[in-house]
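S.K.:
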Amino acid sequence: MPRDAKDSKPALNEPRTIEATVNLHKRLHGSTFKKKAPRGVRALKAFATATMGTKYVRVAGDLNRFVWHKGVRNVPYRVRVRMERKRITEKKKQDKYGEMYTIVSLLEPESLAGLKTTLVTEADEADLE
Numbered sequence: 075m076p077r078d079a080k081d082s083k084p085a086l087n088e089p090r091t092i093e094a095t096v097n098l099h100k101r102l103h104g105s106t107f108k109k110k111a112p113r114g115v116r117a118l119k120a121f122a123t124a125t126m127g128t129k130y131v132r133v134a135g136d137l138n139r140f141v142w143h144k145g146v147r148n149v150p151y152r153v154r155v156r157m158e159r160k161r162i163t164e165k166k167k168q169d170k171y172g173e174m175y176t177i178v179s180l181l182e183p184e185s186l187a188g189l190k191t192t193l194v195t196e197a198d199e200a201d202l203e
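The opening residue of the sequence shown carries number 75 in the numbering used here; numbering runs sequentially from there.
Encoded structure:
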């Protein structure tokens, strides 16, 4: 049975923004102490790659600092992130990575309880600025 238009997947070559909570605790379970923070950053990149469908992922400095702020061993259990898929403007990088890239940045809500993954629309972004 064919999919309806409303059930189809969104195009991977369009800019979009998603907010999500990433459970680093389950992704780092069983990791050696001295490798937890570096693996946490890699886990965030892998999550963004899988969610946004881009090869090129940049982690913002504030997010990197948040993952590392309690040291290499004591990585936060969960982190709320905003993933923005944007167009690559440089021709060399387009040839290597494709049309789009993702920037992953930190969101600091009061509490992570009950937050769902949400698609941020242009109207929502205008309210934030």
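The beta-carbon is built from N, C-alpha and C at its ideal position, and this holds for glycine as well.
#1: Enumerate in chain order the residues of its own chain whose CB-to-CB distance from residue 181 is below 7 Å, with the five nearest sequence positions on each side excluded.
#2: Hey, residue 98 and residue 146: beta-carbon distance below 8 Å or not?
#3: When you compare only the Cα positions, how much space is there between residue 105 and residue 166?
#4: Going by CA-CA distance only, name the one from 189, 131 and 95 that's closest to residue 162.
#5: Quick one, are the C-beta atoms of residue 172 and residue 119 less than 8 Å apart?
#6: Rounded to the nearest angstrom, what separates residue 121 and residue 96 at their Cα positions?
#7: Is residue 26 buried or exposed, if buried means 16 or more other CB atoms sit within 10 Å of its CB?
M.R.: In this structure, then:
#1: Closer than 7 Å at the Cβ level, and outside the excluded window around residue 181, lie 93, 154, 155 and 156.
#2: Taking the C-beta atoms as reference points, residue 146 is found no nearer than 8 Å to residue 98.
#3: So the two alpha carbons sit approximately 36 Å from each other.
#4: Residue 162 has its Cα closest to that of 131, out of 189, 131 and 95.
#5: Not in contact: residue 172 and residue 119 (Cβ atoms no closer than 8 Å).
#6: Residue 121 and residue 96: Cα-Cα distance of roughly 8 Å.
#7: In the structure displayed, the chain extends from 75 to 203; residue 26 sits before or after that span and is not available.
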